Ligand SMILES: [Mg+2]
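Numbering (my numbering), first residue to last: 86 to 355.
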């Protein structure tokens with residue numbers, strides 16, 4: 086572990102539950118990022134929540150005092166863009182069941198978001214879900230168009246007294262109606278999402294770490310990509326839950342918070 090931390094060149098952060106909770110940044114996030122800058126360790130932020138655009142996340146991080154270059158923020162919209170360009174290069178026109186922020190990123194990624202004659206259907210996190218568009222989506226799926234879901238989350242975490250059905254819940258409804266499941270789900274825990282970050286920064290898996298608060302997305306993706314998987318206990322998962330997983334899916338390191346990880350990293354750089 087000491088050796089792997091000593092060789093770190095880049096840390097990929099989950100956001101909610103890892104560097105902030107809702108709109109409240111953790112006290113140790115800014116000092117941790119300062120340590121990384123001092124040690125010349127780069128960082129990126131990945132999230133499955135594509136109801137906001139990259140620009141909106143950059144603005145949110147800036148309000149919290151975090152300077153994040155635009156390309157350091159990767160949402161499941163970017164994972165979908167990467168998947169489409171890699172696996173379905175003929176696709177240009179997308180019918181999207183999603184929110185405006187995600188659509189903005191798909192358009193910036195070179196796709197045309199259309200209502201008619203799409204090449205493929207993308208189901209994302211549509212917070213303005215509309216019955217007529219749901220019907221239209223089901224009809225397009227029945228026509229046999231390629232079908233991508235951005236991410237597999239069933240619900241979006243919230244501390245409000247409500248439940249936020251997320252992408253997988255919308256896909257389940259469409260499956261009931263059409264019998265179709267998405268052909269690809271490029272968001273976490275799909276290791277291609279993390280591999281795209283490694284490719285962008287010319288990183289090897291053994292010089293990269295991923296830290297997050299969820300076992301079945303953050304830790305799973307890191308393990309499957311061969312990246313150092315760090316679980317922080319500031320969000321969803323507990324250490325007891327981590328220990329119940331098969332060894333190949335367990336985090337390589339569990340920390341109570343970023344302060345503890347900072348101590349590990351500082352010690353490895355002595
Ligand atoms: Mg999280």
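Note that beta-carbon positions come from the ideal geometry of N, C-alpha and C, so glycine has one too.
Source: prediction; values computed, not measured.
- Restricting attention to beta strand (DSSP E) runs no shorter than 3 residues, the region 134–187 encloses them at 158–160, 178–182, ordered along the chain.
- Take the alpha-carbon of residue 338 and the one of residue 225: they are about 44 Å apart.
- As the crow flies, the alpha-carbon of residue 178 is around 13 Å from that of residue 233.
- Cβ contact annotation for residue 113 (same chain, cutoff 8 Å, sequence separation greater than five): 342, 343, 344, 347, in chain order.
- Relative to ligand 1, residue 267 has its C-beta separated by 8 Å or more from all heavy atoms.
- Apart from sequence neighbours up to five positions away, the residues of its chain that approach residue 256 with a beta-carbon distance below 8 Å are 208, 234, 266, 267, ordered along the chain.
- Classified as exposed, residue 289 has fewer than 16 neighbouring CB atoms from the shown chains inside 10 Å of its CB.
- Less than 9 Å separates the beta-carbon of residue 171 from that of residue 277.
- For the set 139, 263, 180, 293, the Cα lying nearest the Cα of residue 159 is the one of 139.
- Excluding its 5 nearest sequence neighbours in each direction, residue 251 has C-beta neighbours in its own chain below 7 Å: 210, 238, 239, 240, 241, listed in chain order.
- Taken through DSSP and simplified to helix, strand or coil, residue 209 comes out as coil.
- Residue 185 counts as exposed, since fewer than 16 other beta carbons sit within 10 angstroms of its beta carbon.
- Around the beta carbon of residue 213, a 10 Å sphere encloses fewer than 16 other beta carbons of the protein chains shown; the residue is thus reported as exposed.
- Looking at the backbone, the Cα of residue 197 and that of residue 180 are separated by about 9 Å.
- The beta carbon of residue 199 lies closer than 8 Å to those of 178, 179, 180 in the same chain, with the five residues before and after it left out.
- Look at residue 102: its beta carbon is less than 8 Å from one of the heavy atoms in ligand 1.
- When the alpha-carbon of residue 270 is set against those of 244, 166, 315, 189, the nearest one is in 166.
- Restricting attention to 298, 142, 246, 220, the CA atom closest to the CA of residue 262 is found in 220.
- The beta carbon of residue 92 lies closer than 6 Å to those of 292 in the same chain, with the five residues before and after it left out.
- In the structure shown, residue 251 adopts coil according to DSSP, grouped into three states.
- Counting only unbroken stretches of 4 or more residues, the alpha helix (DSSP H) elements lying wholly within the region 291–340 are 305–310, 324–328, in sequence order.
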